[in-house]
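Asks: Sequential numbering from 86 applies to the sequence shown in this note's numbering.
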Amino acid sequence: MINKTLWGATANEHKRRPVQQGEETCDVVIIGGGFTGLSVAYHLQQRNVKTIVLEANTVGSGASGRNGGEVLIGYVKTMQALAEKYGNDAAGQMFQMSIDSIDLIEGIIDQEEIQCDFFRNGNLLAAYKPSHLDGLRREQEFLYKEYGFETKILERSEMRTEVDSDFYHGAQIDEKSAIFHPLNYCLGLANAVEKYGGTIYEHSEAIRIKRESHDKVIVETNNGRIVAKQVGMFVNAYTTGVHKQIQKSVVPVESIVLATEQLPEDLCKQLIKHNRAASDTKNLLYYFRLSADNRMVFGGSGRTATKRDARMLFENLQAGMVDVFPALKDAKVEYTWSGKVGFTIERIPYIGQLEDGTHFAFGYAGHGAAMSTLLGKIVALNMLNEGDINNPLDRSNLKPIPFHRMNATGLGIMKYYFKFLDYIS
Ligand SMILES: Cc1cc2nc3c(=O)[nH]c(=O)nc-3n(C[C@H](O)[C@H](O)[C@H](O)COP(=O)(O)OP(=O)(O)OC[C@H]3O[C@@H](n4cnc5c(N)ncnc54)[C@H](O)[C@@H]3O)c2cc1C
86 MINKTLWGAT
96 ANEHKRRPVQ
106 QGEETCDVVI
116 IGGGFTGLSV
126 AYHLQQRNVK
136 TIVLEANTVG
146 SGASGRNGGE
156 VLIGYVKTMQ
166 ALAEKYGNDA
176 AGQMFQMSID
186 SIDLIEGIID
196 QEEIQCDFFR
206 NGNLLAAYKP
216 SHLDGLRREQ
226 EFLYKEYGFE
236 TKILERSEMR
246 TEVDSDFYHG
256 AQIDEKSAIF
266 HPLNYCLGLA
276 NAVEKYGGTI
286 YEHSEAIRIK
296 RESHDKVIVE
306 TNNGRIVAKQ
316 VGMFVNAYTT
326 GVHKQIQKSV
336 VPVESIVLAT
346 EQLPEDLCKQ
356 LIKHNRAASD
366 TKNLLYYFRL
376 SADNRMVFGG
386 SGRTATKRDA
396 RMLFENLQAG
406 MVDVFPALKD
416 AKVEYTWSGK
426 VGFTIERIPY
436 IGQLEDGTHF
446 AFGYAGHGAA
456 MSTLLGKIVA
466 LNMLNEGDIN
476 NPLDRSNLKP
486 IPFHRMNATG
496 LGIMKYYFKF
506 LDYIS
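1. When DSSP labels each residue in this structure, what does Gly207 get in the three-state scheme?
2. Using a Cβ distance threshold of 8 Å, determine whether the region 249-258 contacts the region 234-241, with at least three qualifying pairs required.
3. Rounded C-beta distance between Gly150 and Gly93? I'm assuming under 8 Å.
4. Looking only at DSSP bridge pairs, what is Val312 linked to?
5. To the nearest angstrom, how far is the alpha carbon of Asn133 from that of Val278?
6. Does the distance between the C-beta of Gly451 and the nearest non-hydrogen atom of ligand 1 fall short of 7 Å?
7. With contact counted as at least three CB pairs below 8 Å, one residue from each stretch, are the region 300-313 and the region 444-456 in contact?
8. Touch check for the region 215-223 and the region 182-190: three-plus C-beta pairs under 8 Å?
9. Alpha carbon to alpha carbon, how far is Asp441 from Gln165? Give it in angstroms, no decimals.
10. With 16 other CB atoms within 10 Å as the buried threshold, where does Asp251 fall?
11. Compute the beta-carbon to beta-carbon distance between Met381 and Ala404, rounded to the nearest angstrom, for a pair I have assumed lies under 8 Å.
12. Can you look up Asp365 in the DSSP assignment and give me helix, strand or coil?
13. To the nearest angstrom, how far is it from the Cα of Cys201 to the Cα of Tyr281?
14. Any heavy atom of ligand 1 within a distance shorter than 7 Å of the CB on Phe265?
15. Verify the contact flag: Leu139, CB atom, against every heavy atom of ligand 3, threshold strictly below 7 Å.
16. Measuring CB to CB, does Arg293 end up less than 8 Å from Val327?
17. Under a CB-based cut-off of 8 Å, is Leu91 close to chain B?
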């Protein structure tokens, strides 16, 4: 099995960008060339704020170019759980933000004519256990009662109207979620940043941030430095030590994905009948969708693996895919890859500005394909002092996670616990 993303193999033209060299000045220097950083740059450049994006590798080489491309409403936790924890008003605002994020992406794709196979056909959240369907029913009632948001519940007997599978015990469907080709969206966003006058450097890692005064910051790279008025760190799970407070506030968790060979069109229409995004309610969840070129893209939970057991992880994932879709038992797997998903301790994204002036947004917990573009826009507005101060995701008083290093190891161990919970729930 090869470690190559389907998205890289089917990408639109990915023009190579120069390495940052020498001293330059700009208004805002943005660290990280994924959805978040590029969205910040895009929204600033539209207001003629001069931005420079520093990307350590290539545009979209982090999670943004290697995710499942499921652009989903909501968060990793249910809205009921969020309302219990943060109150109804804050949760309502958070829910609306998740819908706004997809509207925003759709608008950018239209405006910038980004070819990224964006299909807004909704999401199917499948119940792994009968008891999970009861939970989905409660969430459906809650969403309707509190926000007037309609979703549909499918009984187990109705599942074949949606998927060619008897694996699940029913599902909840929303019609607002979407799928896209994530790398092509990311590349399109990068092209749009440049169209509006922004500069993007690749293979240009930010190695040091030095704050000189409240409106002067210097970001050093290996070959030069940028002098700017403001700086933002948008590196999510791909953090390095360049900003310790941010690094210690996000826990990276491995996720793995496979894509099959191209499948007959008729088979695809059977597998996921309405071309929706799909995932399930397991703690160690599966997520799956079809690609525009008729492959099954199937993802699951990985763990930091040695090369020796990476092969086993993908074999297990393929076996899982066949459990869900027996019709794929002879389908060849042509692409396998992995990436890092960023979690905060609260498992909701964080946005804000630290005391040292650094802006940030990260920790989307597997829901960043949607939320990162919106949070990027909100960061841009904050930089322009036009943001909403009542943002329920604001964590400007960010506290590093205690025993952060142990949390990453702990999560590896937690996976065995989650597996056990999936077994007994
Ligand atoms: C396998 C996988 C599947 C996923 N599936 C889904 C999904 O289906 N739906 C969903 O909503 N979300 C999904 N996600 C999560 C989603 O991809 C992320 O939330 C989102 O892409 C985060 O975007 P970002 O721009 O914040 O971070 P990233 O895209 O990770 O970008 C960060 C960038 O910062 C760069 N960087 C790091 N340090 C430096 C430095 N010092 N200097 C310069 N650059 C630096 C990195 O090279 C990287 O390119 C998935 C993630 C993975 C890994």
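Ideal Cβ positions, reconstructed from N, Cα and C, are used throughout, including at glycine.
Keep in mind the model is a prediction, meaning the values are calculated, not measured.
Replies: Let's see:
1. coil
2. yes
3. 7 Å
4. Thr110, Ile303
5. 11 Å
6. yes
7. no
8. no
9. 35 Å
10. exposed
11. Between Ala404 and Met381 the Cβ distance is about 14 Å, and since that is not below 8 Å, they are no contact.
12. strand
13. 20 Å
14. no
15. Of the ligands one can find in the structure shown, namely ligand 1, none is ligand 3.
16. yes
17. The chain inventory of the structure shown lacks chain B, comprising one protein chain alone.
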